[in-house]
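S.K.: Numbering (UniProt numbering), first residue to last: 1 to 103.
Please read through the structure below; I'll follow up with questions.
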Amino acid sequence: MHTPEILIREKGSSAVRHITLEQGVNSFGRSADNQIQLISPLVSRVHGTIRRWSSIVSLQDNRSTNGVRVNGQLVRHATLFTGDVVEVGPFVIQVMHGSVDPD
Numbered sequence: 001m002h003t004p005e006i007l008i009r010e011k012g013s014s015a016v017r018h019i020t021l022e023q024g025v026n027s028f029g030r031s032a033d034n035q036i037q038l039i040s041p042l043v044s045r046v047h048g049t050i051r052r053w054s055s056i057v058s059l060q061d062n063r064s065t066n067g068v069r070v071n072g073q074l075v076r077h078a079t080l081f082t083g084d085v086v087e088v089g090p091f092v093i094q095v096m097h098g099s100v101d102p103d
């Protein structure tokens, strides 16, 4: 089993950040208090959370102003699998290793 991890890229930039998701809650947003900081006026201070519990990775929008898209669909909550693409403001988050499908 792979450790859940994501790649973050800002649209129009070639810079990429690699993040290994910690067990438990990983908050994301504009504020420096988040585990995953996304600096942009289009991102709420605490935009949402990515939770990692054992082999499950899930995303929760925190009622943000601009929302979160997973694979192009606006969502409030989603289970994240390997290959999913999350959009938060100008950021694209690629799920490199996500939830393990029990099938």
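Even for Gly, the Cβ is constructed at its ideal location relative to N, Cα and C.
As the structure is a computational prediction, the values presented were derived from the model and not from experiment.
When burial is assigned at 16 or more other CB atoms within 10 Å of the CB, is R76 buried or exposed?
M.R.: Translated into positions along the sequence shown, residue 76 becomes position 76. That one is exposed.
S.K.: Can you name, in chain order, every residue of its own chain whose Cβ lies under 6 Å from the Cβ of I93, other than the five neighbours on each side?
M.R.: Here the question's residue 93 lines up with position 93 in the sequence shown. I6, I8 and V86, listed in sequence order.
S.K.: Of the choices D33, R51 and I39, whose alpha-carbon is the least far from that of T20?
M.R.: Translated into positions along the sequence shown, residue 20 becomes position 20. Cα-wise, what sits closest to T20 is R51.
S.K.: Going by DSSP, what residue range makes up the beta strand (DSSP E) through N26?
M.R.: Here residue 26 is taken as the residue at index 26 of the sequence shown, counted from 1. G24 to G29 is the span of the beta strand (DSSP E), which, as asked, contains N26.
S.K.: Excluding five sequence neighbours on each side, which residues of the same chain lie with their C-beta closer than 6 Å to the C-beta of S64?
M.R.: Locating residue 64 in the sequence shown gives position 64, where the first residue counts as 1. Result list for S64: S44 and H47, in chain order.
S.K.: Measure the CB-CB distance between I36 and S27 and report whether it falls below 9 Å.
M.R.: Here the question's residue 36 lines up with position 36 in the sequence shown. Here the question's residue 27 lines up with position 27 in the sequence shown. Taking 9 Å as the Cβ cut-off, I36 and S27 qualify as a contacting pair.
S.K.: Using CA atoms only, rank isn't needed, just tell me which of G83, G72, G67 and L74 is closest to G29.
M.R.: Looking up residue 29 in the sequence shown gives position 29. Here the closest residue by C-alpha is G67.
S.K.: Measure how close the beta-carbons of V95 and D84 come, nearest whole angstrom, since I'm counting them as under 8 Å.
M.R.: By one-based count along the sequence shown, residue 95 stands at place 95. By one-based count along the sequence shown, residue 84 stands at place 84. The pair is a contact, with the Cβ atoms about 4 Å apart (cut-off 8 Å).
S.K.: Taking buried to mean at least 16 other C-beta atoms within 10 Å of its own C-beta, is T49 buried or exposed?
M.R.: Reading the sequence shown from its first residue, position 49 is the one you call residue 49. Buried, because 16 or more other Cβ atoms sit within 10 Å of the Cβ of T49.
S.K.: Given this structure, state the Cα-to-Cα distance separating T82 from S54, to the nearest angstrom.
M.R.: Here residue 82 is taken as the residue at index 82 of the sequence shown, counted from 1. Here residue 54 is taken as the residue at index 54 of the sequence shown, counted from 1. Distance between the alpha carbons of T82 and S54: 15 Å.
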